[in-house]
DNA sequence: AATAAATAGTATCGACTCGATACAATATGA
DNA sequence: TCATATTGTATCGAGTCGATACTATTTATT
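Protein chains in written order, with my numbering: chain A, 39 to 227; chain B, 39 to 227.
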């Protein structure tokens, strides 16, 4: 029978993660996809915390994501704040309760156990391989990369050393360059 | 914020695969989990093609899997055959129609595109990393490995070179040693 | 040999997902 | 200014998935 080992591994990992995530969230009445959305919001920057950005990240439809976010808001894990300039936009901010929950549930117990038993060198190898696989998947299928500003071609530094986004024409703090952005684009090959 | 890069990558890959799989199966009225079950049945051996084995592989409950299999059977993608010795068991055999569908949908288009653009050397690196990650996850959490007989500690060879399973006390064909088995156990460390 | 316990599988129920469709509000552009 | 695009919400239906309850068969214990 046909066999693409990369696909087989990712499919299996994917299912295991889903089951683990379901179990972890069950105690708090959260579904895997809800945890993922919350997790994304904890690692994205202030230009990427809207429902549409979550939609693009998760690859679902905006209607579906709207429901997911409604649940998270009802559980007081995030709050919606209107944008000052564009009245169509909402910014989704994680609450203290949301952060605490993530700290507890993400990564899941299964993953924590496994990662602890891997030495630094092996971890680095795995990260590097996953990075390459994901980047290739996104690139060959014309999808957004959702990388951190640090690795974005729009990110530049001013004379005084401050970071600046050439696309959004906005200054960035050092911390912000470590967060993921929906507008991220890698260097041109 | 906390950040385990391995987890982040796997979570993201997992969601992308799920979305892609959903889209691929939608044309045929199949859900991601149904494709996964069918895929498993195409790469497992004759001792591992029962509903319970699928249940263990997917990590779900037997009730859930029973429904999944019912759908696949109704769509004539697999057939149920009673075991000759143990009347409680059913063996799930993929039909020609099922095989054809898998050929078409697994791996998904997204994955195929990406893998084609990776050279052999990078593919091997990724396979090796994924293999290590999955093995660690399964081992540290006491889960079954679902490996192929070829790498199983119960697999031995008789004087004439034939393969033999010491656990099930059954002879194996060469082809069978390339299929995954629910009883698989790696070498003792 | 009789009975208890374990194992494999199915059926049903309810909470939830997710795409599709329709809709309202705001922003952009000709 | 008016058409069009963008962001977001509401509702509906088919389907997932764990929980529970149940049957049938096998294995273990007395």
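Note that the Cβ used here is the ideal one computed from N, Cα and C, for glycine as well.
Keep in mind it's a predicted model, so treat the numbers as computed, not measured.
Problem set entry | Completely contained alpha helix (DSSP H) runs for the segment 147-206 of chain B, where each covers 4 or more residues | The qualifying runs are 147-154, 158-178.
Exercise. Nearest-angstrom Cα distance between residue 177 (chain B) and residue 155 (chain A)?
Worked result: 10 Å
Problem set entry | Assigned secondary structure, residue 104 (chain B) (DSSP; H/G/I helix, E/B strand, else coil) | helix
Problem set entry | Those residues which DSSP pairs with residue 218 (chain A) across a bridge | A:82, A:186
Exercise. What are the residues that DSSP puts in a beta bridge with residue 44 (chain A)?
Worked result: BP columns for residue 44 (chain A) are empty, so no partner.
For this session: Could you tell me the distance, in whole angstroms, from the CA atom of residue 79 (chain A) to the CA atom of residue 63 (chain A)?
Result: 17 Å
Exercise. Run through DSSP, which three-state label would residue 229 (chain B) get?
Worked result: With chain B represented from 39 up to 227, any question about residue 229 (chain B) goes unanswered, as that position is not in the structure.
Exercise. Using 9 Å as the limit for Cβ to Cβ distance, is residue 39 (chain A) near chain B?
Worked result: A caution first: residue 39 (chain A) carries a pLDDT of 46, below 50, which makes its placement in the model too unreliable to give a value.
Exercise. Which residues bound the alpha helix (DSSP H) around residue 93 (chain B)?
Worked result: Here the alpha helix (DSSP H) through residue 93 (chain B) covers 89-96.
Exercise. How is residue 113 (chain B) classed by DSSP in three states: helix, strand or coil?
Worked result: coil
Exercise. Is there a Cβ from chain A that is less than 9 Å from the Cβ of residue 98 (chain B)?
Worked result: yes
Exercise. Given that residue 179 (chain B) touches chain A, what residues does it touch there, using C-beta distances under 8 Å?
Worked result: Chain A residues near residue 179 (chain B): 148, 151, 152.
Exercise. Taking the C-alpha atoms as reference points, what is the distance between residue 39 (chain A) and residue 45 (chain A)?
Worked result: Note that residue 39 (chain A) has pLDDT 46, beneath the 50 cutoff, so the model's placement of it is unreliable and the number below is only indicative. Taking the straight line joining both Cα atoms gives about 14 Å.
Exercise. Among residues of its own chain, excluding the 5 on either side of residue 234 (chain A), which ones have a beta-carbon nearer than 6 Å to its beta-carbon?
Worked result: Since the first and last residues shown for chain A are 39 and 227, residue 234 (chain A) lies out of range.
Problem set entry | Helix, strand or coil at residue 77 (chain A) [DSSP, three-state] | helix
Exercise. Span of the beta strand (DSSP E) holding residue 131 (chain A)?
Worked result: 128-132
Exercise. Which residue's Cα is closest to the Cα of residue 56 (chain A): B:93, B:67, B:97, B:92?
Worked result: Comparing alpha carbon positions, the residue from B:93, B:67, B:97, B:92 closest to residue 56 (chain A) is B:97.
Problem set entry | Straight-line Cα distance separating residue 204 (chain A) from residue 183 (chain A) | 17 Å
Exercise. Under 9 Å between the Cβ atoms of residue 168 (chain B) and residue 201 (chain A)?
Worked result: No. Outside cutoff.
Problem set entry | Below-9 Å beta-carbon distance, residue 119 (chain A) vs any chain B residue | no
For this session: Identify which residue in A:199, A:69, A:172 has its Cα closest to the Cα of residue 164 (chain B).
Result: A:172
Exercise. Does the beta-carbon of residue 66 (chain A) have 16 or more other beta-carbons within 10 angstroms, so that it is buried, or is it exposed?
Worked result: exposed
Exercise. Out of curiosity, what's the CA-to-CA distance linking residue 53 (chain B) and residue 209 (chain A)?
Worked result: Spanning the two alpha carbons is a distance of roughly 32 Å.
Problem set entry | Proximal residues of chain A, C-beta to C-beta of residue 188 (chain B) below 7 Å | By Cβ distance, chain A contributes nothing, its closest Cβ being about 13 Å from residue 188 (chain B), past 7 Å.
Exercise. Should residue 199 (chain A) go down as buried or exposed, given a rule of 16 or more other Cβ atoms within 10 Å for buried?
Worked result: exposed
For this session: Using a Cβ cut-off of 9 Å (strictly closer), state whether residue 66 (chain B) contacts chain A.
Result: no
For this session: Please check if any C-beta of chain A sits within less than 9 Å of the C-beta of residue 144 (chain B).
Result: True, the Cβ-Cβ gap to chain A drops below 9 Å.
Exercise. Can you list, in chain order, the residues of its chain whose CB lies under 7 Å from that of residue 110 (chain B), leaving out five sequence neighbours each side?
Worked result: 72, 75, 76, 116
Problem set entry | Any 3 or more C-beta pairs closer than 8 Å across the segment 205-224 of chain A and the segment 136-146 of chain A | no
For this session: Starting from the C-beta of residue 91 (chain B), find all residues in its chain whose C-beta is less than 6 Å away, skip the five residues before and the five after it, and write them out in chain order.
Result: 220
Exercise. Beta strand (DSSP E) containing residue 210 (chain A): first to last residue?
Worked result: Segment 208-210, the beta strand (DSSP E) holding residue 210 (chain A).
Exercise. Under the three-state reduction of DSSP, which class applies to residue 118 (chain B): helix, strand or coil?
Worked result: strand
For this session: Taking only beta-carbon positions, decide if residue 163 (chain B) is within less than 9 Å of chain A.
Result: Yes - at least one Cβ of chain A is within 9 Å of the one on residue 163 (chain B).
For this session: Please decide whether residue 238 (chain B) counts as near chain A, where near means a Cβ-Cβ distance under 9 Å.
Result: The structure shown does not extend to residue 238 (chain B), since chain B spans only 39 to 227, so no value can be given for it.
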